[in-house]
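Undergrad: Using the working numbering, you'd call the opening residue of the sequence shown number 329 and step up by one each time. Yeah, the Cβ is synthetic: ideal placement off N, Cα and C, and Gly gets one too. Got a structure for you, written out below as structure tokens; questions coming shortly.
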Amino acid sequence: MNSPLYLTPKASNLAMCLISVCALILWLYEPKLYSDVFRFMLFPLGLVWLLQKRYILLKYFIVITAVILGIAFVCKYTFFYMANYFMDNVWVENIAHIAKRPINGEFKGFPSGHTTAAFIAAAFAWQYMSKKWGIFFIFLAFMVGYARIISLWHTPIQVCAGALLGFVGSLVFISFINKKPKVQH
Numbered sequence: 329m330n331s332p333l334y335l336t337p338k339a340s341n342l343a344m345c346l347i348s349v350c351a352l353i354l355w356l357y358e359p360k361l362y363s364d365v366f367r368f369m370l371f372p373l374g375l376v377w378l379l380q381k382r383y384i385l386l387k388y389f390i391v392i393t394a395v396i397l398g399i400a401f402v403c404k405y406t407f408f409y410m411a412n413y414f415m416d417n418v419w420v421e422n423i424a425h426i427a428k429r430p431i432n433g434e435f436k437g438f439p440s441g442h443t444t445a446a447f448i449a450a451a452f453a454w455q456y457m458s459k460k461w462g463i464f465f466i467f468l469a470f471m472v473g474y475a476r477i478i479s480l481w482h483t484p485i486q487v488c489a490g491a492l493l494g495f496v497g498s499l500v501f502i503s504f505i506n507k508k509p510k511v512q513h
């Protein structure tokens, strides 16, 4: 048990190198595919904690992920609903425009769900793994957002909103959980 990931330093470095090679290959092949794959960083992170029998952390991880992704999708569909039913109102049109996707004009782009999910994983890695892994996950998450922009699925504002919601939202919930009073027996 040398590191928070329970890997030896060599194994940790090897894992990071393998993930980097996979990320680079996907990025060079198709950035959109990279973002479609690496938005699922949540699953291997949860699997690691399941295998380590860190059930309380896993429980909070699942709940926080569900809440934050729920907020993201409520935002997405609120803008979509506003755009479809109230677009004749100039005020609504100005607000709904922030959710318009560059690639197809749909109003389901705010915030970026891919980026939100990737930054939730980055926040948990930052908080519960080594700082090296945290920085690595932040970089991978940043590249998910960048891939969404260059593939024209999102604007920079949509990606930044997803990143802030995922990362800051997770850290706020984590700090709330960490401050929860302990029951004395």
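When burial is assigned at 16 or more other CB atoms within 10 Å of the CB, is V472 buried or exposed?
TA: In the sequence shown, counting from the first residue as 1, residue 472 sits at position 144. Buried: at least 16 other Cβ atoms inside 10 Å.
Undergrad: Ignoring anything shorter than 4 residues, give me the alpha helix (DSSP H) runs that lie fully in the segment 387-439, in order along the chain.
TA: The segment 387-439 contains these whole alpha helix (DSSP H) runs: 418-424.
Undergrad: Go ahead and pull the three-state DSSP assignment for S479.
TA: In the sequence shown, counting from the first residue as 1, residue 479 sits at position 151. Here S479 sits in coil by DSSP.
Undergrad: Any chance the segment 355-370 sits against the segment 462-476, with 3 or more Cβ pairs inside 8 Å?
TA: Segments in contact, yes.
Undergrad: Indicate whether P439 and V487 have their beta-carbon atoms separated by less than 9 Å.
TA: Taking the first residue of the sequence shown as position 1, residue 439 is located at position 111. Taking the first residue of the sequence shown as position 1, residue 487 is located at position 159. Yes, Cβ-Cβ distance for P439 and V487 is below 9 Å.
Undergrad: F464 and A451 - do their beta-carbons sit closer together than 9 Å?
TA: For the purposes of this step, residue 451 is taken as residue 123 along the sequence shown, with counting starting at 1. For the purposes of this step, residue 464 is taken as residue 136 along the sequence shown, with counting starting at 1. No, the Cβ-Cβ distance between A451 and F464 is not below 9 Å.
Undergrad: Could you pull out every residue in the same chain whose Cβ sits closer than 8 Å to the Cβ of L397, ignoring the five residues on either side in sequence?
TA: Here residue 397 corresponds to residue number 69 of the sequence shown, with the count starting at 1. Excluding sequence neighbours, L397 sits near G441, T444, A445 and I448.
Undergrad: Measure how close the beta-carbons of G437 and A427 come, nearest whole angstrom, since I'm counting them as under 8 Å.
TA: By one-based count along the sequence shown, residue 437 stands at place 109. By one-based count along the sequence shown, residue 427 stands at place 99. With 8 Å as the limit, G437 and A427 qualify as a contact, their Cβ atoms being about 5 Å apart.
Undergrad: Rounded to the nearest angstrom, what separates F389 and G374 at their Cα positions?
TA: The count along the sequence shown starts at 1 and reaches residue 389 at position 61. The count along the sequence shown starts at 1 and reaches residue 374 at position 46. Looking at the two C-alpha atoms, the distance is approximately 8 Å.
Undergrad: Which of the three DSSP states, helix, strand or coil, is assigned to R382?
TA: To locate residue 382, count along the sequence shown from 1; it is residue 54. It is coil, neither helix nor strand.
Undergrad: Which first and last residues belong to the alpha helix (DSSP H) in which K360 is found?
TA: As a position in the sequence shown, residue 360 is number 32, starting the count at 1. Residues P359 to F366.
Undergrad: Put T443 into one of helix, strand or coil per three-state DSSP.
TA: Indexing the sequence shown from 1 puts residue 443 at position 115. Three-state result, T443: helix.
Undergrad: Quick one: grab the DSSP three-state call for K507.
TA: Residue mapping note: residue 507 aligns to position 179 of the sequence shown, counting from 1. Here K507 sits in coil by DSSP.
Undergrad: Out of curiosity, what's the CA-to-CA distance linking K360 and K459?
TA: As a position in the sequence shown, residue 360 is number 32, starting the count at 1. As a position in the sequence shown, residue 459 is number 131, starting the count at 1. Looking at the two C-alpha atoms, the distance is approximately 27 Å.
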